[in-house]
Structure formats: C-alpha cells, structure tokens
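K.L.:
My structure is below; once you've seen it, I'll send some questions.
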Amino acid sequence: MLIATNSEKIDISLEDKTSELAKSFSRTLQKGDVAYFHGEIGVGKTTFIRHLINNLQQLNKINLTEVTSPTFNLVNEYDVGNFIIQHYDLYRLTDYSEIKNIGLFENREEVVTLIEWPEKIKETIDSKIDLHFEYNDDLSKRYLTIKGVKNK
C-alpha cells in the first residue's frame with residue numbers, strides 16, 4: 167500500500183527541532199525506503215541524517231557512530247539494528263556514468279537509502295520521500311518540507 171505525505175514548511179532553525187523531526191522520521195523507516203535530501207550546502211541535510219541514524223542506533227542499543235557527509239567517498243553505510251542505512255552524497259559527481267557505477271539502487275529492498283543531491287540522478291523512482299531544506303531570504307532561518315509517496 168502506498169502512503170502519501172505532504173508537510174507544511176517546518177522551522178528547523180534550532181538543532182533541537184531538527185533532532186526531534188529526524189527522530190520522528192526515523193521511526194517510520196523500513197527496508198526498501200528511499201529518501202531524497204534537497205537543499206543548499208550547509209542548510210542541515212547531513213545534520214538531519216546524523217540525528218536520524220544516531221536515534222535508530224540508540225533505540226536498538228547499538229554504539230553511536232560518527233555520521234559525516236560522504237562527499238569524497240560517495241557512500242557511508244550504517245548499521246542501525248533492523249537494517250543498514252546507505253547514505254549517499256552525490257554533490258561531487260559530474261558525469262551520469264559515475265552514478266551508474268556506484269550501484270545506487272542495487273539491493274534497494276534490503277537497505278534504507280538516503281541521498282543528498284538527488285538532482286544528479288537522471289532516473290528516479292516512484293516510491294520515495296523528498297525532504298526539501300531551505301533558508302529564508304536573509305539566511306537567518308532554516309525550513310524543512312517533506313513530500314512524497316512511500317510503500318507501507
């Protein structure tokens with residue numbers, strides 16, 4: 167069954183609010199889920215992902231790992247207990263063939279896939295969640311909007 171979601175713009179200027187939302191979102195994840203993280207550099211994508219991963223590790227009594235953006239190695243994997251999270255950062259990729267070579271959606275049903283800079287992907291999948299991070303006009307606030315369709 168497909169579940170649709172469409173949130174209002176949520177103020178995540180305070181890291182506590184980002185953490186709270188990431189924890190709530192993390193509890194909805196299951197194997198096969200794909201989430202696209204859109205937004206400028208520094209807007210909070212990796213911070214959200216760090217809180218999401220560490221929350222799942224804490225819930226499953228797994229040692230917390232340092233979660234960093236995989237900008238240079240393209241993908242980091244994290245064991246969160248019930249599944250593995252593959253965290254991709256496609257920012258540095260300039261050629262579509264590079265994306266094909268990293269096996270982005272291989273074994274998708276067995277992992278949760280989180281992708282920063284999904285705009286680099288030419289093909290997309292129907293069942294995904296899009297998280298849009300943005301600044302306000304004077305860069306003093308950050309916002310998150312969540313949209314998409316997810317298999318349930």
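Quick note, the working numbering runs 166 ahead of the 1-based positions in the sequence shown. All residues carry an ideal CB built from backbone N, CA and C; glycine is no exception.
(1) Starting from residue 277, follow its DSSP beta bridges and name the residues at the other end.
(2) Quick one: which unbroken beta strand (DSSP E) runs of 3-plus residues sit fully inside the segment 205-268? Chain order, please.
(3) If we call anything under 8 Å between Cβ atoms a contact, is residue 277 one with residue 312?
(4) Using a Cβ-Cβ cut-off of 7 Å (strictly less than) and excluding sequence neighbours within five positions of residue 230, which residues of its own chain qualify?
(5) Counting pairs of beta carbons, one from the segment 197-204 and one from the segment 231-246, are three or more of them closer than 8 Å?
(6) Leaving out the 5 sequence neighbours to the left and right, which residues in its chain are closer than 8 Å to residue 258 when beta-carbon positions are compared?
P.N.:
In terms of the structure at hand:
(1) 250
(2) 241-245, 250-255
(3) no
(4) 220, 223, 224
(5) no
(6) 237, 238, 240
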